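Have a look at the structure below, then the notes.
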Amino acid sequence: MSAAWDVFYRQMIPLEGYKKVLEGLGNTALIAIVGLLIGMVIGCLLATCKILPKSSFAVKLLSGFSDFYVAIFRGTPMVVQLLLIHFVLLPIMGVQIPIILEAILAFGLNSGAYVSEIMRGGILSVDIGQTEAGRALGLNYGQTMLRIVLPQAIKNVVPTLGNEFIALLKETSVVSFITVVDLTKAFQNIANSTYEYIIPYIVLALVYLVLVLAVTGVIKLIERRLRAGDRR
Amino acid sequence: MIDVKNVYKSFGKKEILKGISCSIEQGERVVIIGPSGSGKSTLLRCMNLLETPDKGEIWLDGSLITSADAALHKEFFVDGKLNKKQLKSFEREMSININLARQQMGMVFQHFNLFNNLTVMQNMTLAPVMLKVKTKAEAEERALELLDRIGLLDKKNEYPSKLSGGQKQRVAIIRALAMDPKVMLFDEPTSALDPEMVGEVLDLMKDLAKDGMTMVVVTHEMGFAREVADRVLFVNEGVIAEEAPPAEFFGNPQHPRLVQFLQKVL
Ligand SMILES: Nc1ncnc2c1ncn2[C@@H]1O[C@H](COP(=O)(O)OP(=O)(O)O)[C@@H](O)[C@H]1O
Ligand SMILES: [Mg+2]
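Sequence order for the protein chains is S and F.
FYI, the numbering for the first sequence is 1032 to 1263, going by my numbering.
FYI, the numbering for the second sequence is 34 to 299, going by my numbering.
This is the structure we're talking about:
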């Protein structure tokens, strides 16, 4: 075991494998964080489309589109979406962007579907009286939504959004399919170049575990902050 | 000030308002009473269009604020055919006017509905600033003045969850006042309060009445109706069954349902 450890150490420090690991960690974090932010924007928009009063044809169309979007992105595996975007969609559109952006885009679009369902529940959990009070003061639908309902909805869904973020963080490990070097790929490279698999993969698992625990802590902190206005 | 003309409203198959007409004059205090489920809240909510009447008109200060009958207006018909484009733009304009109309009508709810995510101060300044009725400084000054008036200046940075029921309702009232409305609508403002807090809310409402505020109040507080009202309306089964100044209304009720109702509540 000690020999295996020496091999791993040599690869990491003197041969500067840690640089690749840090780069991988950065990519993993970037894809997960920006992916979630994009997902939240898309999710809020889709959820609002679903919740708007179905009075006009345009709204029904938007609501239908929202259903379609969620069905597509929840109905197919993440890896498949990633492959489709990289090998089919972007080439057909003739668009060339850095692969890291492709990964962020794919995860943002995918996460939007999940966040929209979370946000819909969150918006519906806000008492209708809050909306009525806003409208009665003369605020329009958008103003009421933005300043009154969404802040409370987001607060209500922070724990669920946190879970979505953790799931996203772990799922980013598939981006090596389109040659992005993330945390998993970095350790895989180390393992492959040394033919020592045990230690790199155990350390890889531990790194993910620590990341997830750290994120869990941060979510708890945010939750406590947001609950400052609540009765304890 | 407010004219309700032959308003009908159904929820599903159930007809709640069956052709209600009434007008509220400037400076008048009108109290609406009636059995539970008779449509009092629905009538009040039609006045500021939180509910859209199925039929009939609501006028505020001489402007029509309902568009329900817009399709029947002659000007939208060209050669006997509805000009949809013109109607749409009319309705778009209407929805802006609905928001403008609502700015003139303060509403107080049974369950307070203070914004839970905002402090007392933010509750009071959000709408006036956002709707450009006041600058931020003006809105804050007015908020402080109103908070001082109800003795809750020290609560300005608290969240609603830290207030008692009576305090919440009084803040809800001055939040509406902060928009400088022309008329205030109250929907059972004391019904969700513990008995010991009813007095403080009624006192504030009496204060407003003394200042000459136009008020429409749905309530079960008969004492308030007797003392403050210029006119009392009895809503029963979706129509106004009786309407009179309080002395006559309580002293010499005519409608048998009203006689029965008063026997029960007095
Ligand atoms: N949004 C709604 N959807 C369905 N039914 C409603 C709605 N609002 C009120 N109602 C029904 O309309 C009737 C009258 O309600 P309301 O105007 O609140 O009566 P009141 O205020 O006199 O007690 C009640 O039977 C109530 O259940
Ligand atoms: Mg009611």
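Backbone N, C-alpha and C define an ideal beta-carbon position, used for all residues, glycine too.
On a predicted model such as this, the values are computed, not experimentally measured, just so you know.
Between GLY271/F and LEU50/F, the beta carbon gap of about 5 Å places them in contact (Cβ cut-off 8 Å).
Put simply, of VAL1038/S, LEU1155/S, THR1203/S the residue whose alpha carbon is nearest the alpha carbon of LEU1067/S is THR1203/S. Judged by DSSP in its simplified three-state form, VAL1090/S adopts helix. For ILE49/F, the Cβ falls inside the 8 Å cut-off from some heavy atom of ligand 1. Per DSSP, TYR192/F is not a residue of any alpha helix (DSSP H), being assigned neither H nor E. The CB of ARG135/F comes closer than 8 Å to the CB of ARG1166, ALA1167, LEU1168, GLY1169 in chain S, given here in chain order. PRO286/F and VAL292/F have their C-alpha atoms spaced approximately 6 Å apart. The Cβ atoms of THR158/F and LYS165/F do not sit closer than 9 Å to each other.
For VAL1246/S, there is no enclosing beta strand (DSSP E); the residue is found in the alpha helix (DSSP H) stretching over 1229-1257.
When beta bridges are read from the DSSP output, ASP36/F appears opposite SER56/F, TRP92/F. Against GLU1163/S, the close residues of chain F are ARG78, LEU83, MET140, PHE142, ASN146, in the order they occur along the chain (beta-carbon pairs closer than 9 Å).
Fewer than three Cβ pairs drawn from the segment 173-182 of chain F and the segment 1213-1220 of chain S lie within less than 8 Å of each other, which leaves the two stretches out of contact.
Here ALA277/F is bridged, per DSSP, to VAL265/F. Within the segment 1181-1207 of chain S, the residues whose Cβ lies closer than 8 Å to some Cβ of chain F are PRO1182, GLN1183, LYS1186, listed in chain order. Short of 6 Å from the beta carbon of PHE148/F, and not among the five residues preceding or following it, lie these beta carbons of its own chain, in chain order: ASN156. For LEU266/F, not one C-beta of chain S is nearer than 9 Å to its own C-beta. For THR75/F, the Cβ falls inside the 8 Å cut-off from some heavy atom of ligand 1. Residues of chain F whose Cβ lies closer than 7 Å to the Cβ of GLN1174/S are, in chain order, MET163. If you check the C-beta of GLN143/F against ligand 2, you find a heavy atom less than 8 Å away. Distance from the CA atom of SER1207/S to the CA atom of ILE1128/S, rounded to whole angstroms, is 16 Å. A residue is called buried once 16 or more other Cβ atoms fall within 10 Å of its Cβ, and ILE1230/S is buried on that count. Within a 10 Å sphere around the beta-carbon of HIS288/F sit fewer than 16 other beta-carbons, which makes this residue exposed.
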